[in-house]
Amino acid sequence: MSWIEEIAPEAAQGDLRSLYEELERKRGKVSNILQVHSLRPEAMRGHLDLYMDLMFAPGGLSRRQREMIAVVVSRENRCDYCVAHHVEALARYVSDRALLEAIASGGVVPEPAPSDSALMDYAVKLTRAPASVRADDVQGLRDAGIAEADILLANLIVAYFNFVNRIALGLGVASNPAEVAGYGA
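Put into structure tokens, the structure is as follows:
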């Protein structure tokens, strides 16, 4: 699963066991990206709380847009683990396999909505060259109709996935098709 020791769900005790049981009850299983936190359950809880807020709390960005940002950032970082997981999630909102492949591979996305185009451009730039982001980049999000609170949300999602990509890549978190598929929404 990764390059460090992990505590498997069946061996967990105390707070870690409670977290694993909560994940299994709500999501159907424990993802490898969360299990890699098993030696620090309090960090796992913080990670999970941030993820749930950014990806599921009410806001002007749709779930599709949030997952699109996740895929774009993970693609730019070449994090196969996160690309696989979030293409799977994005497929719940995008039925066109060619469009999913274009987003996942960095190909040409045919006729994206202005807001989607602006979000993808911002995600790429903030991931590739964070120090090069300027006020004009944020203005581009406004010009595409994205509200201030959702500009912040987009920024936080980009930052979050850069964080998670580095956990996965830095600790060798791996997945397989069975681990990727079948999570509860």
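Going by this note's numbering, the sequence shown opens with residue 438, and the numbers climb by one from there. Ideal placement from N, C-alpha and C gives every residue a C-beta, glycine not left out.
- Runs of beta strand (DSSP E) with 3 or more residues, each lying fully within the stretch 483-514, are absent.
- Taking C-beta atoms as the reference points, ALA560 and VAL510 count as a pair closer than 8 Å.
- A distance below 8 Å separates the beta carbons of ARG482 and LEU456.
- Per DSSP, CYS519 is one residue of the alpha helix (DSSP H) stretching across 517-527.
- Here the alpha carbon of ALA494 sits roughly 13 Å from the alpha carbon of LEU593.
- Counting only runs of 3 or more residues that sit fully inside the stretch 593-619, no beta strand (DSSP E) segment turns up.
- Beyond the five residues adjoining it in sequence on each side, HIS523 comes within less than 7 Å, by CB distance, of GLU504, ALA507, VAL508 and SER511 in the same chain, given in chain order.
- Under a 10 Å Cβ-count criterion, GLY577 is classified as buried, with 16 or more other Cβ atoms of the shown protein chains found around its own Cβ.
- Assigned with DSSP and collapsed to three states, ILE444 falls in coil, not helix or strand.
- Judged by DSSP secondary structure, ALA539 falls within the alpha helix (DSSP H) whose first and last residues are 534-542.
- Around SER569, the same chain offers LYS562 as residues with beta carbons nearer than 8 Å, after the five sequence neighbours per side are excluded.
- LEU498 is a Cβ neighbour of ASP587, given a cutoff of 8 Å.
- The DSSP-derived three-state label of LYS466 is coil.
- By the Cβ criterion, the stretch 601-614 is in contact with the stretch 517-532, since at least three pairs of Cβ atoms, one from each stretch, lie closer than 8 Å.
- The distance from the Cβ of VAL610 to that of ASN514 is about 13 Å, inconsistent with a contact at the 8 Å cut-off.
- When DSSP states are grouped into helix, strand and coil, VAL531 belongs to the coil group.
- In terms of CA proximity to GLN472, SER439 leads the group ALA550, SER439 and VAL595.
- The criterion of a C-beta distance shorter than 8 Å is not satisfied by LEU537 and ALA550.
- Per the C-alpha coordinates, the member of TYR530, GLU458, ASP558 and ALA480 positioned closest to GLY543 is ASP558.
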